[in-house]
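Heads up, the sequence shown is in the numbering used here, so the first residue is 15 and it goes up one at a time.
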Amino acid sequence: MLTLSGRVTETQQVLATQFSFRLRTPDLIIKPAGEAVVGKKMAAKIFFTNPLPRTLKGVVFHVEGLGLQSVRQIAVGDVASRSSVTLTEHFVPTLPGSRKLVASLDCKQLTQVHGVANIDVKEK
């Protein structure tokens, strides 16, 4: 929050106003669903809430993860002010071990929105 105040020299009238704004971009929340096993289909939910008082236009998500998912682009379109989007991404892990599923959001009104989920993939 930013508070501004001042005084008019001629009239000694005090003027004050406050502005509330966000200094950092929101995160994407990624929650894996089920057990991660090589060769077995699994899912992850991706959650996003628009924090701005305006509609986000032409929103596109990118999802990828080495050994989990090749790069996938998902066009969502417009996201209204203060509304939420939930995506469910299905994939089949191909490599065992500790993996990261990464998602990012692109649109003109908001940049550098991303999220990461650590997924421990087990052998068959």
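C-beta atoms are modelled at their ideal positions from N, C-alpha and C, and glycine is treated no differently. Small disclaimer: the values here were computed from a predicted structure and weren't measured.
| Item | Value |
| --- | --- |
| Using only alpha-carbon positions, find the residue among T69, E103, T25 that is nearest to K59. | E103 |
| If I measure Cβ to Cβ from R86 and keep anything under 8 Å in the same chain, skipping five residues before and after, which residues do I get? | H76, V77, E78, E103 |
| Going straight from the alpha carbon of T25 to that of V90, what length do you get? | 54 Å |
| In angstroms, rounded to a whole number, what distance separates the CA positions of R68 and P110? | 42 Å |
| With a 10 Å radius around its C-beta and 16 neighbouring C-beta atoms as the bar for buried, classify V28 as buried or exposed. | exposed |
| By DSSP, does Q27 sit in helix, in strand, or in coil? | coil |
| What does a CB cutoff of less than 6 Å around V106 pick up in its chain, not counting 5 residues either side in sequence? | K55 |
| Does the separation of the CB atoms of L119 and A131 fall below 7 Å? | no |
| Which runs of the beta strand (DSSP E), 3 residues or longer, sit entirely within the region 80-105? | 83-93, 98-105 |
| Just the C-alpha distance for L101 and F61, rounded to the nearest angstrom, thanks. | 7 Å |
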